[in-house]
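Student:
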Amino acid sequence: MSETSTTSHKDFSSEDTVESLRYGLQWHLHHTLASSYMKESDRDWYYAFSVAVRDHLASRWMKTQQCYTDNKVRRTYYLSLEFLIGRLLGNNAMNLGLYDLCDEALKGTRLSWEDMQEMERDPGLGNGGLGRLAACFVDSLATMHLPCIGYGLRYDYGIFKQQIINGAQVEEPDIWKNEGYPWEFKRPDYAQTVCFGGDIREIEENGKFVWRWFPAERVTGMPYDIPVVGFGGKNVNNLRLWAAQACNEFDFQNFNQGSYDQAVGSKVRAENLTKVLYPNDNIEQGKELRLRQQYFFVSCSLRDIIRRHLAEGGTMHNLPERAAIQLNDTHPTLVIPELMRILIDENGMEWDEAWEITRACTNYTNHTILPEALERWSVPLFRYLLPRHLQIIFDINSHFLEQVSMLYPGNLDKLRNMSIIQEGNVQSIRMANLAIVGSTHVNGVAKIHSDILKNIIFKDFAEMWPDKFTNMTNGITQRMGDKS
647 MSETSTTSHK
657 DFSSEDTVES
667 LRYGLQWHLH
677 HTLASSYMKE
687 SDRDWYYAFS
697 VAVRDHLASR
707 WMKTQQCYTD
717 NKVRRTYYLS
727 LEFLIGRLLG
737 NNAMNLGLYD
747 LCDEALKGTR
757 LSWEDMQEME
767 RDPGLGNGGL
777 GRLAACFVDS
787 LATMHLPCIG
797 YGLRYDYGIF
807 KQQIINGAQV
817 EEPDIWKNEG
827 YPWEFKRPDY
837 AQTVCFGGDI
847 REIEENGKFV
857 WRWFPAERVT
867 GMPYDIPVVG
877 FGGKNVNNLR
887 LWAAQACNEF
897 DFQNFNQGSY
907 DQAVGSKVRA
917 ENLTKVLYPN
927 DNIEQGKELR
937 LRQQYFFVSC
947 SLRDIIRRHL
957 AEGGTMHNLP
967 ERAAIQLNDT
977 HPTLVIPELM
987 RILIDENGME
997 WDEAWEITRA
1007 CTNYTNHTIL
1017 PEALERWSVP
1027 LFRYLLPRHL
1037 QIIFDINSHF
1047 LEQVSMLYPG
1057 NLDKLRNMSI
1067 IQEGNVQSIR
1077 MANLAIVGST
1087 HVNGVAKIHS
1097 DILKNIIFKD
1107 FAEMWPDKFT
1117 NMTNGITQRM
1127 GDKS
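Everything in the sequence shown is counted per my numbering, starting at 647 for the first residue and increasing by one.
1) For the alpha helix (DSSP H) containing His677, list its first residue and its last residue.
2) Taking Cβ positions, are Ser945 and Val840 nearer each other than 8 Å?
3) With a CB to CB cut of under 6 Å and the five nearest residues on each side skipped, what residues in its chain are close to Phe898?
4) Count the other C-beta atoms from every protein chain shown that fall within 10 angstroms of the C-beta of Arg1062, then say buried if there are 16 or more, exposed otherwise.
5) List the DSSP bridge partners of Tyr870.
6) Assuming Tyr941 contacts Leu1032 under a Cβ cut-off of 8 Å, what Cβ separation, rounded to an integer in Å, is found between them?
7) For Asp998, count neighbouring Cβ atoms within 10 angstroms of its own Cβ and tell me buried if that reaches 16, exposed if not.
8) Candidates Pro834, Gly732, Trp707, Trp673: which alpha carbon is nearest Asn884's?
9) Taking Tyr693 as part of the alpha helix (DSSP H), name the residues at either end of that continuous run.
10) Let me make sure I understand the geometry here. Which of Val719, Leu703, Ala751 has the alpha-carbon closest to that of Asn737?
11) If Leu725 and Val981 are in contact, beta carbons under 8 Å, what's the gap, nearest whole angstrom?
12) By the DSSP assignment, the alpha helix (DSSP H) with Tyr1030 in it spans what residues?
13) Arg968 to Glu850, Cα distance in whole Å?
14) In its own chain, which residues sit with a C-beta less than 6 Å from the C-beta of Thr879, not counting the 5 before and 5 after it?
15) Please return the same chain residues whose Cβ sits closer than 6 Å to the Cβ of Val865, not counting the five positions on each side in sequence.
16) In whole angstroms, what is the alpha-carbon distance linking Glu1131 and Pro978?
17) So the alpha helix (DSSP H) Val1083 belongs to, where does it begin and stop?
18) Identify every residue that forms a DSSP beta bridge with Tyr827.
19) Measuring CA to CA, which of Tyr870, Asp820, Ser912 is closest to Ala862?
20) Looking at the structure shown, is Trp1111 part of a helix, part of a strand, or coil, going by DSSP?
21) Mark Thr1008 as exposed unless 16 or more other C-beta atoms lie within 10 angstroms of its C-beta, in which case mark it buried.
22) Determine whether the beta carbon atoms of Gly772 and Leu730 lie at a separation below 8 Å.
23) Are three or more beta carbon pairs between the region 670 to 679 and the region 710 to 729 nearer than 8 Å?
24) What are the uninterrupted segments assigned as alpha helix (DSSP H) that are 4 or more residues long and contained completely in the region 1034 to 1078, given in chain order?
25) Here's the rule I'm using: 16 or more other beta-carbon atoms within 10 Å means buried, otherwise exposed. How should Glu728 be labelled?
26) Relative to the alpha-carbon of Ala698, which residue among Glu1069, Arg767, Leu735 has its alpha-carbon at the smallest distance?
27) Name the residue from Val914, Asp991, Ser1044 whose alpha carbon lies nearest to the alpha carbon of Ile846.
28) Could you check if Leu956 is buried or exposed, using at least 16 other CB atoms within 10 Å of its CB as the buried criterion?
29) Start and end of the alpha helix (DSSP H) containing Val944?
30) Mind checking whether Leu747 and Thr663 have CB atoms under 8 Å apart?
31) From Lys1093 to Lys1100, what does the alpha carbon distance come to, in whole angstroms?
32) Please list the terminal residues of the continuous beta strand (DSSP E) segment that includes Trp859.
33) Smallest Cα separation from Tyr801: which of Glu1018, Ile971, Leu919?
34) How long is the line joining the alpha carbons of Phe943 and Asp761, rounded to whole angstroms?
35) Could you spell out the range, first to last residue, of the beta strand (DSSP E) harbouring Asp820?
36) From this set, Pro828, Lys807, Trp829, Val719, which residue's C-alpha is nearest Ile821's C-alpha?
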């Protein structure tokens, strides 16, 4: 196996054999990595062998996606700011039925199958239960042959690495992709533009007064796809992660004038959006970065959902027939005002129809029963970053509180508890309340958790909408299926 391959490339990707894996390893060493026999490193071997395994899922991935498109299926879009997907070499080999073949293919070579798996960097794009649950869900959906696309962020640095120095924890950045990541595919054709800041104005268009957002800043969202292989290998779904880039990465005029830092200022500011998993939100700059991060993620994902829906012959009016958007915790809750903005401002839809479509598309998974842990954002920060969305949220709240007043006349406690806007020295937006009001279904992640949501935390909402609250429990990845 150490001799340089001189044969022409063969398509072994449809042949699950030891020979195909060995050939794929040599092919990618020499033709993908241009690594000569004398200079091959262990890292080269790991990367080449991972791509050889990846070859066996590529055609299945494309066939799965084409089948979904041809049949105009309704997809689940699972939106989560965290995906703790773990190492994929061993997992994908197992799901494809190649695990034992990989072991056999590497016997007697410089790296054993166990050594090969240990070389993989774990993309720590999540923090515990939330991220692992999301990864398990998309894995199980692929195993069950259910159409799903997961959406998340491609953080440069995932969950931190920990060292203990002099008895104290020292956190270091987790650089998971600096040596290349063989499981992702960059998709520049599907990049999206995201706006921030600026102001809103009421203007006249075609004899009608409408609100328009005039943003001050734009950022590019670059998508990267990771295949999600169902057990048995027949069905391969997709996880799409967004990386932030500046629309204009380099200001040549500033550079020529000696303003070197300013020349790349927009690049640095944009890339900070997907730099780390959790920016420190104990400071005001951290809070702003976190909200920018959430809207960037939501805007990219929602525009991609709509793009795909329209490309398959759908219309904005029948979006709920093809799209079920699952919010994993409150982090993606901005889907609700963003979809309303797109429907009303960009598609000229009336409020009532836009609201019906938005609610029909959206469902919410709650992850916490601690009131102090429920996400809130200050109104002034929202007004600065997302002025049109703030206006829409106030309108949603106004419509909703009218419903509450009609059902419970004179009950100020219910109005106060259920309002999306929390009053105080500084008004804030209760994201969990917004997610409940704007969703068709709300669930916890265990029966006892879901019962606490209905009976204690969101009791008022459950009394108003008893059919809205349900339960969904799935904390494991399935390892069963038809192997035939």
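Built from N, CA and C at the ideal position, the CB exists for glycine as well. Bear in mind the structure is a predicted one, so any value in this text is a computation, not a measurement.
Tutor: In short:
1) Taking the first residue of the sequence shown as position 1, residue 677 is located at position 31. No alpha helix (DSSP H) holds His677; DSSP gives it neither H nor E.
2) What you label residue 945 is simply residue 299 of the sequence shown in a count that begins at 1. What you label residue 840 is simply residue 194 of the sequence shown in a count that begins at 1. Contact flag set, yes.
3) The sequence position of residue 898 within the sequence shown is 252, counting from 1. With a pLDDT of only 48 at Phe898, under 50, the local geometry of the prediction cannot be trusted, and no value is derived from it.
4) Working through the sequence shown from its first residue, we reach residue 1062 at position 416. It is exposed - the Cβ of Arg1062 has fewer than 16 other Cβ atoms within 10 Å.
5) As a first step, residue 870 is located in the sequence shown; it is residue number 224 there, counting from the start. Lys832, Leu887.
6) As a working note, residue 941 is residue 295 in the sequence shown. As a working note, residue 1032 is residue 386 in the sequence shown. At roughly 6 Å, the Cβ-Cβ gap stays under 8 Å, so Tyr941 and Leu1032 are in contact.
7) Taking the first residue of the sequence shown as 1, we reach residue 998 at position 352. Residue environment for Asp998: exposed (fewer than 16 other C-beta atoms within 10 angstroms of its C-beta).
8) Counting from one through the sequence shown, the residue named residue 884 turns up at place 238. For the residues Pro834, Gly732, Trp707, Trp673, the minimum Cα distance to Asn884 belongs to Trp707.
9) Position 47 of the sequence shown, counting from 1, holds the residue named residue 693. Segment 688 to 716, the alpha helix (DSSP H) holding Tyr693.
10) Translated into positions along the sequence shown, residue 737 becomes position 91. Cα-wise, what sits closest to Asn737 is Leu703.
11) Here residue 725 refers to the residue found at position 79 of the sequence shown. Here residue 981 refers to the residue found at position 335 of the sequence shown. Confirmed, about 7 Å.
12) Position 384 of the sequence shown, counting from 1, holds the residue named residue 1030. Residues 1025 to 1031.
13) Within the sequence shown, the letter at position 322 stands for residue 968. Within the sequence shown, the letter at position 204 stands for residue 850. Their backbone Cα atoms lie some 34 Å apart in a straight line.
14) Translated into the one-based positions of the sequence shown, residue 879 becomes position 233. Per the sequence shown, residue 879 should be read as Gly rather than Thr. Around Gly879: Asn741, Leu742, Gly743.
15) Stepping through the sequence shown from its first residue, residue 865 is reached at position 219. Excluding sequence neighbours, Val865 sits near Val840, Ala890, Ala916.
16) Shown here, the chain extends from 647 to 1130; a query on residue 1131 therefore has no answer.
17) On the sequence shown, position 437 is the one that residue 1083 refers to. Unbroken alpha helix (DSSP H) run through Val1083: 1077 to 1083.
18) Working through the sequence shown from its first residue, we reach residue 827 at position 181. BP columns for Tyr827 are empty, so no partner.
19) Counting from 1 along the sequence shown, the entry for residue 862 is found at position 216. Residue Ser912 is the option with its Cα nearest to Ala862.
20) Numbered from its first residue, the sequence shown carries residue 1111 at position 465. Three-state DSSP puts Trp1111 in coil, outside helix and strand.
21) Working through the sequence shown from its first residue, we reach residue 1008 at position 362. It is buried - the Cβ of Thr1008 has at least 16 other Cβ atoms within 10 Å.
22) Mapped onto the sequence shown, residue 772 falls at position 126. Mapped onto the sequence shown, residue 730 falls at position 84. The Cβ atoms of Gly772 and Leu730 lie closer than 8 Å to each other.
23) Using a Cβ-Cβ distance cut-off of 8 Å, the region 670 to 679 and the region 710 to 729 are not in contact, since fewer than three pairs of beta carbons, one from each stretch, lie closer than that value.
24) 1058 to 1064
25) Position 82 of the sequence shown, counted from the first residue, corresponds to residue 728. Buried is the call here.
26) As a working note, residue 698 is residue 52 in the sequence shown. Nearest to Ala698 by alpha-carbon distance, out of Glu1069, Arg767, Leu735, is Leu735.
27) Taking the sequence shown and counting its residues from 1, one reaches residue 846 at position 200. Minimum Cα distance to Ile846 is reached at Asp991.
28) Position 310 of the sequence shown holds residue 956. Classification for Leu956: exposed.
29) By 1-based counting over the sequence shown, the position of residue 944 is 298. It spans 930 to 957 - the alpha helix (DSSP H) in which Val944 sits, taken as one unbroken run.
30) Counted from its first residue, the sequence shown places residue 747 at position 101. Counted from its first residue, the sequence shown places residue 663 at position 17. Cβ distance < 8 Å, so Leu747 and Thr663 count as in contact.
31) Locating residue 1093 in the sequence shown gives position 447, where the first residue counts as 1. Locating residue 1100 in the sequence shown gives position 454, where the first residue counts as 1. Lys1093 and Lys1100: Cα-Cα distance of roughly 11 Å.
32) Reading the sequence shown from its first residue, position 213 is the one you call residue 859. That run of the beta strand (DSSP E) goes 854 to 860.
33) What you label residue 801 is simply residue 155 of the sequence shown in a count that begins at 1. That would be Leu919, whose Cα lies nearest to the Cα of Tyr801.
34) Counting from 1 along the sequence shown, the entry for residue 943 is found at position 297. Counting from 1 along the sequence shown, the entry for residue 761 is found at position 115. Distance between the alpha carbons of Phe943 and Asp761 is about 36 Å.
35) As a position in the sequence shown, residue 820 is number 174, starting the count at 1. Taken as a continuous stretch (DSSP letters only), Asp820 belongs to no beta strand (DSSP E), as it is neither H nor E.
36) Position 175 of the sequence shown, counted from the first residue, corresponds to residue 821. Ranking Pro828, Lys807, Trp829, Val719 by Cα distance to Ile821 puts Lys807 first.
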